[in-house]
Every structure is written in C-alpha cells, then in structure tokens.
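First residue of the sequence shown: 349, per the working numbering; consecutive thereafter.
Cβ coordinates follow ideal geometry from the N, Cα and C atoms, glycine included.
Working notes for the structure below.
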Amino acid sequence: MLWTATHHEVNTADFAHGDTMSTMFWNAVTQRGDQVWMRQKALGVWESWTWKQVGQVVGEIAHGLLSLDLQAHQCAAILSNTRMEWVWADMAILSCGGVTNGVYPTDSSEQLQYLCEDSSAVVLFVEDDEQLDKALAVRANLPKLRHIIVVDMKGLRDLDDAMVISLDRLCERGRAFAAQSPGLLTKRVAQCQPQDLAILVYTSGTTGKPKGAMHSHAGLVYSCSHAAKGLPQDTHDQRMCFLPLCHIAERLLGAYAAIHTGTLLNFVENPDTVPENVREIAPTTLFAVPRVWEKFYSAVTIAIKESTPLQRAVYAWSIQVGGQVADLFLSGRNIPASLKLRFILARWLALDNVRKMIGIHRARYLTTGAAPISPELIRWYLSLGVPMLEGWAQTESCALGTIVDPHGIRSGTIGRAMPGTEVRVDARNGELLIRGPNVFMGYLNQPEKTCEAIDADGWLHTGDVGAMDGEGYFRITDRMKDIIITAGGKNITPSEFENELKFSPYLTDAVVIGDRRPYLVAIIMTDQENVERYAQDHDVPFSNYASLTTAPAVVELIQAEVAKVNKKFARVEQIKTFWLLDTQLSAEDEELTPTMKLKRKFVEAKYAQQIEKMYQN
C-alpha cells in the first residue's frame, strides 16, 4: 500500500471504559495519569495538560458547581468557542449528574434565550465579555438561570454582578467545597445511570426553531466505542479540535472519542488561525467539514497558479501521476510497480510539499462529513497520498451512521454501516434509516417530533434519500425535501451539481433552484479571498465585495466555472443562469448553518425577488 493508513496497528489496551461518560472520563484520568492529553496555544506558546492535570481542574469546576447547588438532571449551558475549558466544563457538569447544553458562539442573544429557556438551564458558562453581553441582555427573561460563569475575564476585572463569577473564582470555591464535602463528587458520579440524559444537541433549525436532541450516557458510551472501530485511533494519535463542540461531530468524534482512546487533542487559537495551526500540529487524523477541505484545496490551487513555470510543470506531472494511482485504487485494480515508482518520485518532487503546505503530511487518514463533498475533491487528496474517508450520520444518530473503509474507498459513496449500527434503505421512498443504541432519546419537549423521527421499530428516519449496492456501500442522492421536479417532470438532484461547483477555487457554496420551474438557476456564493486576488491580478476595479460580484470580469469568471460543470450534465440538468450573492456570509448570518452550509429554504425565501428576475430574463 502507498497510503500510511494501513501502517498503524491501533493499541486498544489503554482504551478507557465506563457505563457513563463521567465514569469513562475518571477511569481515563486514573489510567493515563501523566500522559499529555490536551494542548492549547496561549500567547504564542503551546501549553500541555496531562490527564491528571485535566482531572484536577475538572474536579475543581465540578465541586464549584456543587457549591452553587447544581442538582442531578439540571441543565448547564456552555456558550464558547472550541477550547480546553469547554471540555473541562462539560465533564464537570456530567460528573455532577447534570445535563450539558452547548450553544454556538455565533448565536444571537435571542437564540441564546430560546436555548436556555427550552433546556431550563440554571447555570451558563460564557467564554468572554462578548458572550457575557448576550447573556446579560436576556437574563431578565430567564428566571431559572441562577449563575453565569465567565472563562476569560479580560476587560471584566471591575465587573460587580452577583450573578456573574469567573471560572478561576469557581475553581477556588470548588477547592474549598471539596475540603468541606469530601466524597460528594464521587457519589454523584456513581449515582449517574447509563439511561440518564447527558447532553442536548440542538439542530441547526433550517426550518422552524431548533430542536434539542437528547442523548443518554449509554448512547454516548456506545457511540464512542464503535466510532473507534470505524475510525481507528489511540494514544499515539493527535487530533485537532476546532469545529464547534456543540455540534455532535466534534463533540463525539473529537472530545468524547479521545476520552475513550486517549488521543491527544490540540485546540486551535481561534477559527481564523486554523490553516496556520494545522501546519503546526500536523495531526495524524483530522476531521473537517467539506468547506474546510475545499478551502485547503483552493489555497493550493491559487498558490500553484502563482508559482514559477517550472514549479507548475512539476506539480502538474506529479498530480497527474497521483491521479493515475488514485483512479486504479478507487477502481480496485492493482497498481503497477512502474507507477508506484513514479508516484514515489512525484511525492518527493511536489506532493509531499503540498501535504506539508496544508499540514496533513503526518495524517494516516482524513475524515469528512456533515455535508456532501465532491468526489473529485476526495480523489485530489488521494492523489496526494492521503485517504479521505467520507462519513454520514446525523445529530440524532450520535455521529454514527456510515463510514468509508480506507482499504476500500468507493468514489461517490458514504461507505458501509459503521460497526454496531444498522442502516437500510426504505423500499417505499428510498429514505435512509438508522437503528441502534446510538439513536437519540428524542427531542426535548417535542414528543410529536420524536414520533415523526423514530418509528415503532426503532428506525430513525433521516430524511436523506439514497441507495445501497450489492456490497453494502451506500450512496446519498439527496435530501427528501430538496429533490427538484422541474415543470417538465424531470427529477433533479441539486446536491450533485452544487458539489461540482464547490470544487472550483472561486466558489464557496451554491443553491440550485428549479422546483416546478422550466429550467434550473443557481444562487452562488463566491470565495472572497480568491476572487479578490483574481480581480487584482487582472486589473479588475472594485471598491467592496458587492461591487466585486457585479464586475463583468468576475461574472465571466464564474460563468466559465458554471460552464465547466454544465458539460458534465444532461441539458435538462444544466444551470441556465445564476446570481452572485452580493454579501460575504459568515456563521453569524441567518443564511448559513453553524457548519457553514447554505440553508436552502431560507435562501430561496430571502432572495425570492432575485430568483424571479432570473426566470424573467
């Protein structure tokens, strides 16, 4: 094998076990003691924390929460970017027998109010003064909220508010309370039962208010152990923690799986430093959403365009050789010795440098999920010599569903059912269904929605349409609600076209529209950095992002990218015209989900006027 994914035998001897997440955590602390578990950059320096040190601070926070009278089954919310303290607070809450509710740091104060109100949160952890402002703006509407704990007190030293306490102060209280009530925390951990509610994970709310998916300790423990079988890792591995921890993917596949396996977690400085941090960390396994993998690819593509003619020629030859290897591997055919030798040379000449440029040169495998990804993008990473494994799951299935086997990657598929999980296709409508102990307990306060999601036989109805081949490989064709039926009666799968568009370095996302319409159109979001660079290189005048999207040269650039994709589809499936979003969106904008996907229905409603103009032209 030319990939490194098969060269590592996972050591399961040091895996931590327990029937609840809190017992698993404390067993891990006891087992691994002085081994380093967490690293986080502070003032330009990477600081390390051992399991014993993490256990000490989690114990202090937990005792602090007990001193604030956090009762078993009560909810505590966390509003913060991904950082070590997020995991510390989470483990402390669970150790007290409480329920953790994560809130996206991009949520507004109104959204925070809804999530705290719906979950009956009595304690709220916030990251800094910015997040504290959100909480203070709505606390009058949250009578059950008793305490707000601030992680970073920068700019808040003079704050005098009886409801607000710093994390450092909470730890001080915890140390004092532990001395007064020895054994109480141990008792709380022991009293927690596997069937107890552990965490709430709110859906992104693309239609209506977010729903709180309830996951039990038993479901989380089950998912941890089986995720480790589908995505092997151990104490010799290093991961990068940077996606929102209130999302099930980073929570389960990152933090919780690391508790089980002992994998070292590296926390990025902030979302903007991800490209720099991944190069510093050089993780051995890395999970990211397609948007991140697309950005890495775009950065390489643009860098190659700006390199010397010799460098471009060397890269072109090398990636072509890598592509030949990837195609043979994907088709299950043998790779000739002569091609293997050329691939080794290609790696030495260019491909290994590209891997180092991204920061994936030590990676045994890469994982992608949470949104569809272009098969061509997976092929590109494979051409570099790194397998990319596409997985499919949902919040409600606790991040377990299907995963691609690094030994048998099938282009365009999401792999087979993960160990311990049943997946099948509903013969009536093609919907993919999931069943297993990993499936959630239901939606908080919404029994009717729970009944819609889980049938009488325990099958979770995912809303995704797909198919399974004779070897058990699944393929997703679309979301049930997203399938387009044109005025001519043609069924169109918009995600296929959208994924092809997103492979362009100049496009970030797209929404194809055409349900009950005579032809297809698209709303496109361009990649600001790459398009701006193109405009500067070609002397295209612009004053801001809006003017950039209307510049004739830029429109022609995007038209050329759309034309390339149109050639791959039948005439009825091609995009006739498009409109470029004139605002650069971020996670704070309503058009995007927290995992950076355009909300199809929201976009169609908000930009209805622009859509109608495309059909009038």
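{"Check": "Taking C-alpha atoms, which residue in 891, 376, 917 and 660 lies nearest to residue 603?", "Outcome": "376"}
{"Check": "What's the call for residue 386, buried or exposed, on a 16-neighbour Cβ count within 10 Å?", "Outcome": "buried"}
{"Check": "Could you tell me the alpha carbon to alpha carbon distance between residue 609 and residue 364, rounded to whole angstroms?", "Outcome": "7 Å"}
{"Check": "Quick check: what's the CA-CA separation for residue 648 versus residue 461?", "Outcome": "42 Å"}
{"Check": "Go ahead and label residue 898 buried or exposed: buried means 16 or more other beta carbons lie within 10 angstroms of its beta carbon, across all protein chains shown.", "Outcome": "exposed"}
{"Check": "Are residue 926 and residue 910 close, meaning C-beta to C-beta below 8 Å?", "Outcome": "yes"}
{"Check": "Assuming residue 634 and residue 711 make a contact with CB atoms under 8 Å, what is their CB distance in whole Å?", "Outcome": "6 Å"}
{"Check": "Determine which residues share a DSSP beta bridge with residue 877 and list them.", "Outcome": "Answer by DSSP bridge pairing: none, since residue 877 is not bridged."}
{"Check": "Among residues of its own chain, excluding the 5 on either side of residue 760, which ones have a beta-carbon nearer than 7 Å to its beta-carbon?", "Outcome": "723 and 823"}
{"Check": "Please report how far the alpha carbon of residue 963 lies from the alpha carbon of residue 389, in whole angstroms.", "Outcome": "51 Å"}
{"Check": "How many whole angstroms separate the CB atoms of residue 636 and residue 716, which I take to be in contact at a CB cut-off of 8 Å?", "Outcome": "6 Å"}
{"Check": "Hey, out of 869, 873, 802 and 901, whose CA is closest to residue 884's CA?", "Outcome": "901"}
{"Check": "Use the C-beta contact count for residue 658: other C-beta atoms within 10 angstroms, 16 or more gives buried, fewer gives exposed.", "Outcome": "exposed"}
{"Check": "Tell me whether residue 960 is buried or exposed, calling it buried when 16 or more other Cβ atoms sit within 10 Å of its Cβ.", "Outcome": "exposed"}
{"Check": "Helix or strand or just coil, what does DSSP make of residue 882?", "Outcome": "helix"}
{"Check": "Check the C-beta distance from residue 746 over to residue 793 and give it rounded, since I have them as a contact under 8 Å.", "Outcome": "With a Cβ gap of about 20 Å, residue 746 and residue 793 do not count as contacting."}
{"Check": "If you pair each beta-carbon of the segment 729-740 with each one of the segment 862-871, do three or more pairs fall below 8 Å?", "Outcome": "no"}
{"Check": "Could you tell me how far apart the beta carbons of residue 482 and residue 457 are, in whole angstroms, since I believe they sit closer than 8 Å?", "Outcome": "4 Å"}
{"Check": "Which residues in the same chain as residue 605 place their Cβ atom closer than 8 Å to its Cβ, once the five residues preceding and following it in sequence are excluded?", "Outcome": "572, 575, 576, 579, 581 and 611"}
{"Check": "Closer than 8 Å is the cut-off here; do at least three beta carbon pairs connect the segment 438-449 with the segment 403-423?", "Outcome": "yes"}
{"Check": "Quick check on the burial criterion: 16 or more other C-beta atoms within 10 angstroms. Buried or exposed for residue 396?", "Outcome": "exposed"}
{"Check": "Report the three-state DSSP secondary structure of residue 565 (helix, strand or coil).", "Outcome": "helix"}
{"Check": "Name the two residues that bound the continuous beta strand (DSSP E) containing residue 809.", "Outcome": "808-816"}
{"Check": "Could you round the C-beta distance between residue 494 and residue 471 to whole angstroms and report it? I think they count as a contact, below 8 Å.", "Outcome": "7 Å"}
{"Check": "State the DSSP-derived secondary structure class of residue 524, mapped to helix, strand or coil.", "Outcome": "helix"}
{"Check": "DSSP three-state call for residue 581: helix, strand or coil?", "Outcome": "coil"}
{"Check": "Distance check for residue 791 and residue 401, CA to CA, integer angstroms please.", "Outcome": "36 Å"}
{"Check": "Classify residue 422: buried if its beta carbon has 16 or more other beta carbons within 10 angstroms, exposed otherwise.", "Outcome": "buried"}
{"Check": "Relative to the alpha-carbon of residue 904, which residue among 429, 874 and 430 has its alpha-carbon at the smallest distance?", "Outcome": "874"}
{"Check": "Output needed for residue 499: all residues of its chain with C-beta closer than 6 Å, excluding positions within five of it in sequence on either side, in chain order.", "Outcome": "433, 475 and 515"}
{"Check": "Determine the DSSP secondary structure at residue 705, reduced to helix, strand or coil.", "Outcome": "helix"}
{"Check": "Just verifying my parser: in three-state terms, what is the DSSP assignment at residue 983?", "Outcome": "Because the chain is modelled from 349 through 965, residue 983 falls outside the range shown and cannot be assessed."}
{"Check": "Mapping DSSP to helix, strand and coil, what is residue 493?", "Outcome": "coil"}
{"Check": "Using 8 Å as the Cβ pair cut-off and three pairs as the minimum, do the segment 725-737 and the segment 799-810 touch?", "Outcome": "no"}
{"Check": "Could you tell me the alpha carbon to alpha carbon distance between residue 289 and residue 435, rounded to whole angstroms?", "Outcome": "It is not possible to answer for residue 289, since the shown part of the chain is limited to 349 through 965."}
{"Check": "Look at the Cβ atom of residue 732, then the Cβ atom of residue 699, and state whether they are nearer than 8 Å.", "Outcome": "yes"}
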